[in-house]
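Engineer:
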Amino acid sequence: MSKSVLVICRSAPYRSSAARDALDMALSCAVFELPVSLLLLDDAVLQLLPGQQSGAIGEKSVNAMLGALPMYDIDRIYTSLASLAAHGLEAESLDPSPEVLDADELKQLIDGHEVVLTL
Amino acid sequence: MIFTIVVHSAPYQSGSAATALRFTRAALDAGHRIHRVFFYREGVHNASALASPPRDERSLPAEWQAVAQEYDLDLVVCIAAAVRRGVLNQEEARRYEKPAANLAEGFELSGLGQLVEASIQSDRVVTFGGGR
């Protein structure tokens, strides 16, 4: 039996282990061949900023981990209009570039998945 | 209904771990099944055998053990999250050459695959804690 999974993360990349843990959950789902989507809300949209030099604070960059997602067939990455607006970002300047949803579309996205894992 | 419970918070980090425990008991008392309780992130500290709160205070590790014994629950702790944070069983303590193991009895270290498998088997997956 296959179930669709949505992983929702709300944390900035180096605030806690959340960014890495969210990706680990998504990758584990992919290993089980479950269709998995990633929803990055609020500060989590900052995970998608390219060129992060996190070595300066002794952390591994999330860029490499996010870059590996297509190899696991995880290519559905979403954020919200409000998250982008809060940080003054455009989806096109992010890598990977997320699909941007308004409030109603967010509800539909969450409703459309059988399992929702939050962090 | 079959539930899986996911715990992301340590005992004193927030009220979430205690809420997860009450939810687990309430679901079982109402006749539901718990397929698994999965401890991830700071939640791994619920499985420490070394937590020693004063006698007149609750001990979440002890309460998880009690409910697990009563209902034959599967308490699984994410091995990668646990080893990072210093919650080790005998085998991992040997592997990493540490002087002691502290995984409480009744808990088991295993991989994130256990969360995925539980998600597939369960009607509902309910997450407690996180947000950080």
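Protein chains in written order, with this note's numbering: chain H, 1 to 119; chain A, 1001 to 1132.
Even glycine gets a Cβ: it sits at the ideal position worked out from N, Cα and C.
1. Could you give the distance in angstroms between the alpha-carbon of H:D121 and the alpha-carbon of A:A1068?
2. What do you reckon, are the CB atoms on H:S37 and A:L1115 nearer than 8 Å?
3. If distances are taken between C-alpha atoms only, which option among H:P35, H:I74, H:D95, H:V5 comes closest to H:S61?
4. Flag this pair as yes or no: are the beta carbons of A:V1125 and H:L117 separated by less than 8 Å?
5. Look up A:H1035 in the DSSP assignment and say whether it is helix, strand or coil.
6. In angstroms, rounded to a whole number, what distance separates the CA positions of H:P98 and A:I1005?
7. Under 8 Å between C-beta atoms, does H:S17 make it to chain A?
8. Beta-carbon of H:R10 versus every beta-carbon of chain A: anything under 8 Å?
9. Is the CB of A:L1088 under 8 Å away from at least one CB in chain H?
10. Can you check DSSP and say which residues form a bridge with A:S1110?
11. On the DSSP bridge list, what partners appear for H:L6?
Structural biologist: Reading off the structure:
1. With chain H covering 1 to 119 only, the question about residue 121 of chain H has no answer from this structure.
2. No, these two residues do not count as a Cβ contact at 8 Å.
3. Sorting H:P35, H:I74, H:D95, H:V5 by C-alpha distance to the C-alpha of H:S61 places H:D95 at the top.
4. yes
5. strand
6. 29 Å
7. yes
8. yes
9. no
10. A:C1078
11. H:S37, H:V116
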